[in-house]
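Residues -32 to -1, 1 to 252, numbered by mature numbering (1 follows the signal peptide of the UniProt record, and there is no 0), are exactly what the sequence shown covers, in order.
All C-beta atoms, glycine included, are put in the ideal place defined by N, C-alpha and C.
In this text, all values refer to a predicted model and were calculated from it rather than measured experimentally.
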Amino acid sequence: MLALVFRQVSPALKGTILAVAMLAGTAMPAGAQTTDLVSKSHFRVCADPANTPFSSKDLSGFENKIADVFAADLGLPIQYEWFPMAIGFVRKTLRDNRCDVIIGFAQGHELVLNTNHYYTSAYVMVTKPGSAIEGVDHLADDRLKGLTLGIVAGSPPATHMARNGLIGKAKPYRLMVDRRVESPTEQMIADLQAGEIDAAILWGPIGGYYGKQAGLTVTPLLKEQGAPRLFYRITMGVRQGELVWKRKLNSLIRKHQGEIDAILTEYGVPLVDDMGEGLKPLQE
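In structure tokens form, the structure reads like this:
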């Protein structure tokens, strides 16, 4: 089954695409949108089975690790509802009451009721160590002129690249793929290492993870001027109306924020402050 590589574009764009798809779905009755639907016997998680580094059926993703922390605190076993992070994901998992929480969802979308955000990240530039553009932190930098940048087609940084005259030589990577047989991110990193592109522009958690694995330099893009913004706050998503469940998850986020930060850091996720102005100071 084809799956959108939503995690390689902005969470905002992901939510917009999902929202369009949801218009064709049947909304749950308001009376059913209560905490009564939340399982008392399992910590039920909605997740993509092949979305490294976020979630994976082998439980190696950082969202899997965060789910482990919460399940242990609740004293409940985890039960996953696996479904590709594609059109229909929310409707066929959370809204169908097959699970009770999406571990990673962008703040501010009406598809779900958002918890407090538990991390903020930004798009990044991935470069080879020692290259002439290592550490470049904005797309208006003159050192990028005439270079070939890898970019996921349709992602927010493409707008800034166009504004700065960088699209002409850019190498686009597909948004819609079957992740069982193709990974645009891994191909982009391989192209960078082979010298086919000079830098890779990726959503922070993805670029940070694969960049760390390959020993590359990962620099958050925090100085872009104008829209669209390139940083996003990430929450957990629950069904609309489940305020008690939301508050419970908020309390777990507060209690375990240090552990969450440590997990994200281990996976190379660049953590930035809530306003996207600089790196987040980690708790001791």
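Pull up the DSSP beta-bridge partners for residue i, would you.
i: GLU49; result: CYS14
i: LEU170; result: VAL92
i: PHE199; result: ALA90
i: GLY205; result: ILE70, ASN82
i: ASN19; result: SER23
i: PRO188; result: VAL92
i: VAL240; result: LEU247
When you compare the CB positions of residue i and residue j, do they come within less than 8 Å of one another, or not?
i: ASP16; j: PHE51; result: yes
i: ILE34; j: ILE231; result: yes
i: THR83; j: MET243; result: no
i: ASP229; j: LEU220; result: no
i: PHE199; j: ALA121; result: no
i: residue 257; j: GLY183; result: Look at the range of the chain in this structure, -32 to 252, and you will see that residue 257 is not part of it.
i: VAL37; j: VAL206; result: no
i: GLN47; j: HIS77; result: no
i: TYR177; j: TYR235; result: yes
i: ASP159; j: ILE101; result: no
i: ASP64; j: SER7; result: no
i: THR185; j: GLY72; result: no
i: TYR141; j: GLN161; result: no
Looking only at C-alpha atoms, which of the options sits nearest to residue i?
i: ASP105; options: PHE22, TYR86, PRO125; result: PRO125
i: PRO21; options: ARG215, GLU49, PRO140, SER151; result: SER151
i: GLY56; options: ALA90, CYS14, PRO45, ALA158; result: CYS14
i: GLU245; options: LEU217, ARG215, PRO188; result: PRO188
i: ARG222; options: GLY103, TYR87, LEU107; result: TYR87
i: MET129; options: LYS113, TYR141, ARG142; result: LYS113
i: THR127; options: LEU107, ALA162, ILE70; result: LEU107
i: GLY175; options: LYS139, THR153, GLN161; result: THR153
i: SER54; options: ALA18, ARG66, GLY29; result: In the sequence under discussion, the amino acid at residue 54 is Ala, which differs from the Ser named in the question. Closest by alpha carbon: ALA18.
i: ASP241; options: HIS85, ARG111, GLY163, ARG131; result: HIS85
i: ALA168; options: LYS139, PRO196, SER23, GLU210; result: LYS139
i: PRO45; options: SER24, ARG12, VAL212, GLN75; result: ARG12
i: LYS180; options: PRO249, GLN208, THR233, HIS224; result: THR233
i: GLU49; options: ALA74, SER123, SER23, SER28; result: SER23
i: GLU227; options: LEU5, ASP4, PHE30; result: PHE30
i: MET5; options: ASN218, PRO249, HIS224, GLU210; result: The sequence given here has Leu at residue 5, not Met. Ranking ASN218, PRO249, HIS224, GLU210 by Cα distance to LEU5 puts GLU210 first.
i: ARG197; options: HIS224, LEU217, SER123; result: SER123
i: LYS214; options: ILE70, ASN32, ARG66; result: ILE70
> Counting Cβ pairs closer than 8 Å, one from the region 110 to 119 and one from the region 128 to 135, do we hit at least three?
Replying inline: A contact is defined here as three or more CB-CB pairs under 8 Å, and the region 110 to 119 meets this definition with respect to the region 128 to 135.
>> Count Cβ pairs between the region 88 to 97 and the region 34 to 43 that sit closer than 8 Å; are there 3 or more?
In response: Of all C-beta pairs linking the region 88 to 97 to the region 34 to 43, fewer than three are shorter than 8 Å, placing the two stretches out of contact.
> Of all the beta strand (DSSP E) runs that stay within the bounds of the region 64 to 152, which reach a length of 3 or more residues?
Replying inline: Runs found: 69 to 74, 87 to 90, 92 to 95, 117 to 120, 139 to 141.
>> Measuring CB atoms only, is the region 191 to 200 touching the region 55 to 62, in the sense that at least three cross pairs come out at less than 8 Å?
In response: With contact defined as three or more Cβ pairs closer than 8 Å, the region 191 to 200 and the region 55 to 62 are not in contact.
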